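Okay, structure first, notes after.
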């Protein structure tokens with residue numbers, strides 16, 4: 001049977017009528033007829049659509065930044081290749097952005113991915129979830145143009161996904177000696193707690209430096225930290241996290257799940273007794289902030305914290321995450337999500353996929369004070385989440401053992417900028433489920449005791465030198481959420497990257513060796529880099545074997561220049577005019 005190109009019956013007369021004709025009269029159709037036409041042909045969802053495609057159980061990619069090859073090439077060609085690129089200055093991991101975009105424009109996708117993973121071991125994850133409007137894209141010089149800034153996150157995601165499909169392992173720097181011939185310091189035992197972005201980054205760079213006995217201890221039965229448990233599948237698929245974990249394990253890094261940092265299990269003291277020379281703490285902030293009005297409430301009554309809800313959604317929607325697969329949380333009726341950060345918006349859009357009929361995002365301050373990045377807000381708006389500002393939770397109303405509503409107080413900002421609650425303005429909202437997303441803390445006393453004798457600051461977090469990521473104990477380093485500086489995945493990755501060099505410096509000093517004053521972290525290598533495709537021509541060696549033979553007298557310097565711009569490595573020419581040629585050509 002021939003493929004059906006249209007749901008409408010073929011009509012040769014109507015088809016022929018589509019041929020362009022000179023218009024002789026103005027066309028006339030009733031408004032109602034045009035509305036029906038619009039409903040028939042419209043491709044995007046109607047703003048008042050109640051019968052649109054349901055989101056329940058739909059965890060497909062929803063990011064507008066995702067690009068295919070055609071879109072990526074077009075976007076890469078727009079880049080200005082700024083000499084002093086502001087986008088790079090805004091990237092926490094200091095990616096060479098203009099360089100990897102140039103590689104994409106030249107269809108050198110492996111080269112682009114190699115540049116990305118050299119500075120960021122979680123390059124694909126960050127390409128998908130980075131708040132680029134607040135980072136690299138926010139600094140793009142094209143921001144003021146009609147076309148707008150470069151979609152840097154989409155280009156990064158595209159290049160890293162192409163590399164992912166290549167199924168190529170990571171290898172150590174080929175110029176390094178074999179492991180058995182490395183100095184004794186490189187066999188020092190190194191422990192990392194928490195298998196999240198900060199630890200994955202730190203371990204990857206330490207392994208690239210040549211260390212061979214690196215172990216990550218993870219409390220959960222899955223790895224990836226918040227990337228796995230709290231960022232939804234429709235924003236960050238689990239196979240992406242697993243891909244980056246496998247790249248790290250290619251370097252010989254070991255992961256032990258089910259081992260937590262606790263006075264009852266592993267402590268810094270027992271670690272030292274076991275011969276570990278350095279430790280990195282990257283356990284994040286494991287406990288949720290809980291408002292006193294929710295004290296004693298349970299999931300059976302309809303109350304969740306983000307730390308409860310998002311992992312439950314992940315375990316159901318992320319295939320291969322762990323053996324802990326479970327059904328989606330049963331969310332029905334009206335849902336209230338409390339908070340104005342990225343996590344609150346993840347909870348809201350996830351609740352719709354769990355079956356919620358209506359989701360309201362309620363926050364204490366105004367729209368201008370929302371901490372979430374614009375990308376997250378727009379996705380929630382598109383999915384018909386409601387936004388209710390200037391409301392502070394006051395009371396949970398329970399009937400028959402379940403939440404039925406919440407009472408709020410109106411908040412207002414005075415002339416000094418202080419936010420006050422107006423007891424005279426009370427709002428009551430019906431709700432079947434309440435999800436609190438007020439942030440996270442480190443409050444478990446057994447964890448704090450396990451970290452002894454590390455000093456803690458007034459925020460109840462470990463004291464850390466933000467340049468070296470070193471704690472009050474010289475052999476212990478920390479990074480990510482637990483330090484209180486990093487607020488995003490990419491910043492946590494950079495904390496781990498920063499710590500890796502100073503762990504290296506510390507260990508070498510313990511063995512009487514020194515390192516260069518300027519940090520020199522090894523790049524990302526694969527077996528592809530072992531292939532030598534260089535050629536010799538006229539006594540010179542060219543790394544790029546693709547040369548241009550321009551022998552005709554008509555050859556011009558502009559032609560050779562275009563060849564170089566398109567990726568040719570050299571040009572061999574016999575004769576060409578010296579007009580308008582620089583003296584050193």
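In full-length UniProt numbering, the protein residues as written are 1 to 585.
All C-beta atoms in this analysis are idealised placements derived from N, C-alpha and C, irrespective of residue type, glycine included.
Quick caveat, the model's predicted, so the values are computed rather than measured.
{"query": "Beta-ladder partner(s) of residue 525, from DSSP", "result": "171"}
{"query": "C-beta atoms of residue 147 and residue 70 nearer than 9 Å", "result": "no"}
{"query": "C-alpha gap between residue 103 and residue 112, whole angstroms", "result": "5 Å"}
{"query": "Cut-off 8 Å between Cβ atoms - residues of its own chain near residue 326, not counting five sequence neighbours on either side", "result": "312, 315 and 316"}
{"query": "Residue 546 in three-state terms, based on DSSP", "result": "coil"}
{"query": "Contacts around residue 226, its chain only, beta-carbon distance under 7 Å, and the 5 residues preceding and following it disregarded", "result": "196 and 284"}
{"query": "C-alpha gap between residue 293 and residue 397, whole angstroms", "result": "10 Å"}
{"query": "Cβ contact (3+ pairs, closer than 8 Å) linking the region 443-462 and the region 416-435", "result": "no"}
{"query": "Integer-rounded CB distance, given that residue 198 should sit under 8 Å from residue 479", "result": "4 Å"}
{"query": "Pair within 9 Å by beta-carbon distance, residue 200 and residue 276", "result": "no"}
{"query": "Sequence-distant residues of the same chain with beta carbon closer than 6 Å to residue 208, five excluded per side", "result": "522"}
{"query": "Where the alpha helix (DSSP H) through residue 119 begins and ends", "result": "109-119"}
{"query": "Of the residues 489, 540, 320 and 537, the one placed nearest residue 122, counting alpha carbons only", "result": "489"}
{"query": "Residue 247, enclosing alpha helix (DSSP H) - first and last residue", "result": "238-249"}
{"query": "Same chain, Cβ closer than 6 Å to residue 110, five either side skipped, listed in chain order", "result": "none"}
{"query": "Residue span of the beta strand (DSSP E) that contains residue 536, given as start and end", "result": "535-537"}
{"query": "Beta bridge counterpart(s) of residue 419 as assigned by DSSP", "result": "413"}
{"query": "Sufficient close CB pairs (3 or more, under 8 Å) joining the region 34-42 to the region 291-307", "result": "no"}
{"query": "Bridge partner(s) assigned by DSSP for residue 266", "result": "261"}
{"query": "Cut-off 6 Å between Cβ atoms - residues of its own chain near residue 357, not counting five sequence neighbours on either side", "result": "333"}
{"query": "Simplified DSSP assignment, three categories, for residue 42", "result": "coil"}
{"query": "For residue 217 and residue 499, believed in contact at Cβ under 8 Å, the rounded distance", "result": "So it is not a contact: roughly 16 Å between Cβ atoms."}
{"query": "Where the alpha helix (DSSP H) containing residue 560 begins and where it ends", "result": "557-565"}
{"query": "Same chain, Cβ closer than 6 Å to residue 464, five either side skipped, listed in chain order", "result": "471, 478 and 483"}
{"query": "Beta-carbon proximity list for residue 157, same chain, < 6 Å, skipping 5 on both sides", "result": "127 and 128"}
{"query": "Cβ pair residue 588, residue 310 closer than 9 Å", "result": "A query on residue 588 cannot be resolved here, the shown segment of the chain reaching from 1 to 585 and no further."}
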